[in-house]
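Working notes, beginning with the structure itself.
Chains as they are written, first to last, in the working numbering: chain U, 65 to 227; chain Z, 8 to 751.
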């Protein structure tokens, strides 16, 4: 058992955990942040996706010892300053979810995509989202929601520039 | 500056905010109930419809005007928690933005009705009751308004959460009327009148599901997210071959591991749906108990365990002719048609694999068993993802002798189910661990547990024979299924169903069955039976169309014959006119008959199941390397009036993608009783890049609405296989495609 210090959703956090405990279980079982999901434990399904220093990673495989001193963003921390992320808005507007279990991971992968590519093409989405399974088959709406969020961010930026 | 199109967050989403609250950015208002009196009325004549407070069991108006509508049916992604309350709100005259939907907080079928979901029948079976709940509340509100406004009831109408006077601009809000309204006599059921379809303001529109906000914030109410005070985390290890008895295990070693609180040898009762022998481990995190399993050294007595072999089953099926088949159904004179030298007779052999449910949320249950103190009764509290709370009540009574008053049941949202969460073993395992540890325990199955210990969609084989006359008419249909028998009894999910198409429409048809003993548990998997029968039957109709030089769509329509119900008219019966309607619509919208470029083809399939008539047309290309691309699927669906258009579209899109996912790459095999695919690395799920465009058309016929969780899946594989044949000239008679050398 070691004490680890890292930043989660903007707050510095200390956790006592075994060195090899994956971040997913630190978040879910030790910190009560259950938005990141366990699906397969082998990095195949993407339900556990969180951001490590802004990059999407599979938290079910990442030992907590490797993130000491770094910054984690989970689905619980995606909304900023009391406002939903554009993707969360789009996910609601497009009624993307069915069972909803994979959607935290889907949104986190999409958020990382929009950070580096504000107007992704369908092909960009295919690549960025390839690691996120949806057993219910909501892919069509996931694609629509990413495009819609990209457009709304773009529109907001333009409106802001004019005012 | 805050952009206007941004939605600010309610400060807390611990309770569900209504959409209006959400938009107005108000925080949660205290949840006090103004309407505390016991519900009058129906208590006397229909106890099922009795509410314990407020208007009735399903409707409550809060002092701030928010309208609470309860959802009694478990939510697993089929959208029932949104669609049923929409029916109530429509009849009531509620503004949807004022509505908060809450899951019923108890399992009480006397009060709430079925509280189970499955078979895509939940909409149908609740339609009338939900309308009655809404209409009752509406009439009581109008009665109150008549008193307050001193106007005749006939001049009042409820809409947009207000009762309005039709002859002036006077109106009163539901909130103003609620207190008086709930004291008004409850109207007799027979006197209730329902809104006309053309007046609908909510039904038929698109509503985002009521838990969308929670889901996108990572706050969905899934069972696996349960956390209760003093809770331990549990894991339960069973013999990899179902039925193995536990002989020995290094329990002391496990107890010494970090994060492990205790470990137990557990003796089961031999019932795979209740409790099998196993090693239970409880600890301080899911990770700790999963890690401890790696150190488990257990000896199993496998003398009576599962010895199933998929390869042996396959070999048997391939050698099996029609000898020994038991004829389960025969109509007309099949043999004469098959022996008539003027007819063209063809025969084909089809294969479909075992599949696992693969709910992305693994099986789990949190249980807290409290022994009664000082002679008091024991009490069991469970946090339970299940399709049926009442079924758990039965299990608790039968296995543990617990009465309803000894149970507290929290029905949780399911991260997928597809027929899986109907059994009891993951519940019993959690209960055992709570009893043994004396603490609440959240049992979580690993992905490997979930794939190894499933009730699989069973695999099987089908020999089909058919005869076409010289002028291209179907002369005879024969299907011989080679399926499984569990404990000597043919599986419930295989066999011959005379009410299915095309047996039901054919003058001369025969269905027979040969069984092979398999101990691997099988169970309902999204559209059970139909998901395999549609593949074999609708592909073979395409083969017969070719043998008879017929256009597939024309042959399908001809096979339907005169407009009629194929069984006495019930909502579960197929209607040939509705069938022809969807076949024609899919053909028209999908561009049937277009000349396609080389390597590209169209395929169509129709199927009736779960009270739904569905036709799908697939446009598919296959390149020289065997890479398959499903470009587009056009679906025509008749489930009566649509409740939630967004939800209905989502179900059809999802069913098609799920159906293609299974067809493309999924297959469970077993050898020596051991499942050979235990995680996603060997059981691929379709990824976003392979998802086809889906174009959905509803025929909103005037029958009562039925559900959409399943029926859009079965036709998909046949439509794609038929399109692949059109593209390549090679038949697809087995799934998955990856096994046949294709790439997706």
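All C-beta atoms, glycine included, are put in the ideal place defined by N, C-alpha and C.
Beta-carbon proximity check, residue i vs residue j, cutoff 7 Å
i	j	result
residue 424 (chain Z)	residue 372 (chain Z)	no
residue 752 (chain Z)	residue 111 (chain Z)	This structure leaves residue 752 (chain Z) out entirely; chain Z is present only between 8 and 751.
residue 701 (chain Z)	residue 640 (chain Z)	yes
residue 164 (chain U)	residue 222 (chain Z)	yes
residue 305 (chain Z)	residue 270 (chain Z)	no
residue 181 (chain Z)	residue 87 (chain Z)	no
residue 307 (chain Z)	residue 246 (chain Z)	yes
residue 516 (chain Z)	residue 484 (chain Z)	yes
residue 241 (chain Z)	residue 409 (chain Z)	no
residue 734 (chain Z)	residue 627 (chain Z)	yes
residue 213 (chain U)	residue 132 (chain U)	no
residue 704 (chain Z)	residue 643 (chain Z)	yes
residue 716 (chain Z)	residue 327 (chain Z)	no
residue 233 (chain Z)	residue 455 (chain Z)	no
residue 121 (chain U)	residue 160 (chain U)	no
residue 162 (chain Z)	residue 174 (chain Z)	yes
residue 101 (chain Z)	residue 680 (chain Z)	no
residue 243 (chain Z)	residue 675 (chain Z)	no
Burial state of residue i, where buried means 16 or more other Cβ atoms lie within 10 Å
i	result
residue 134 (chain U)	exposed
residue 24 (chain Z)	In this prediction, residue 24 (chain Z) has a pLDDT of 43, which is less than 50 and means its spatial position is unreliable; what the coordinates show is noted afterwards. The residue in question, residue 24 (chain Z), is buried, as its Cβ has 16 or more Cβ neighbours within 10 Å.
residue 127 (chain Z)	buried
residue 593 (chain Z)	buried
residue 11 (chain Z)	The predicted position of residue 11 (chain Z) is uncertain, since its pLDDT is 36 and thus under 50; no value can be drawn from it.
residue 124 (chain U)	buried
residue 140 (chain U)	buried
residue 315 (chain Z)	buried
residue 222 (chain U)	exposed
residue 119 (chain U)	exposed
residue 662 (chain Z)	buried
residue 114 (chain U)	buried
residue 59 (chain Z)	Because the pLDDT of residue 59 (chain Z) is 27, which lies under 50, any placement of that residue in the model is unreliable, and the number read from its coordinates should be weighed accordingly. Answer is exposed; the Cβ neighbour count stays below 16.
residue 110 (chain U)	buried
Proximal chain U residues relative to residue i, where beta-carbon distance stays under 7 Å
i	result
residue 661 (chain Z)	162, 200, 201 and 202
residue 229 (chain Z)	165
residue 232 (chain Z)	98
residue 146 (chain Z)	What residue 146 (chain Z) touches in chain U: nothing, since even the nearest Cβ is about 32 Å away.
residue 240 (chain Z)	93
DSSP bridge partner residues for residue i (one or two, in chain order)
i	result
residue 137 (chain U)	U:115
residue 487 (chain Z)	Z:470 and Z:519
residue 219 (chain Z)	For residue 219 (chain Z), which the question treats as bridged, DSSP gives no partner whatsoever.
residue 163 (chain Z)	Z:172
residue 127 (chain Z)	Per DSSP, none; premise fails for residue 127 (chain Z).
residue 619 (chain Z)	Z:616
residue 741 (chain Z)	Z:358
residue 144 (chain U)	U:147
residue 677 (chain Z)	Z:682
residue 120 (chain U)	U:115
residue 79 (chain U)	U:68
residue 4 (chain Z)	Nothing can be reported for residue 4 (chain Z), as the shown portion of chain Z is limited to 8 through 751.
Chain-ordered neighbours of residue i on chain Z, where CB pairs are closer than 8 Å
i	result
residue 86 (chain U)	294
residue 159 (chain U)	213, 214, 215, 216, 219, 653, 654 and 657
residue 171 (chain U)	223
residue 205 (chain U)	657 and 660
residue 121 (chain U)	Ordered by position in chain Z, no residue passes the 8 Å Cβ test against residue 121 (chain U), which lies about 16 Å from the chain.
Partners in chain U for residue i, counting only beta-carbon separations shorter than 9 Å
i	result
residue 265 (chain Z)	65 and 82
residue 366 (chain Z)	163, 165 and 199
residue 702 (chain Z)	What residue 702 (chain Z) touches in chain U: nothing, since even the nearest Cβ is about 11 Å away.
Contact list for residue i against chain Z, beta-carbon separation under 9 Å
i	result
residue 168 (chain U)	222, 223, 224, 225 and 227
Under 8 Å from the C-beta of residue i: neighbouring residues of chain U
i	result
residue 334 (chain Z)	Within 8 Å Cβ-Cβ: nothing; residue 334 (chain Z) doesn't reach chain U, min ~38 Å.
Minimum length 3: unbroken beta strand (DSSP E) runs contained in the region 366-441 of chain Z:
371-377, 386-392 and 414-419
Write down every uninterrupted run of the alpha helix (DSSP H) in the region 295-371 of chain Z whose length is 4 residues or greater and which is fully enclosed by it, in chain order.
317-326 and 341-346
Which complete beta strand (DSSP E) runs does the region 497-557 of chain Z hold, if anything under 3 residues is left out?
516-524
Output the residue ranges of the beta strand (DSSP E) runs that lie fully inside the region 692-716 of chain Z and measure 3 residues or longer, sorted by chain position.
700-705
Give the residues from the region 96-117 of chain U that approach chain C closer than 8 Å (Cβ to any Cβ), ordered along the chain.
Although the question refers to chain C, the structure presented lacks it and instead comprises the protein chains U and Z.
Length-filtered (3 minimum) beta strand (DSSP E) runs lying within the region 70-101 of chain Z
74-78
Can you list, in chain order, the stretches of the beta strand (DSSP E) that have 3 or more residues and sit fully within the region 183-249 of chain Z?
239-244
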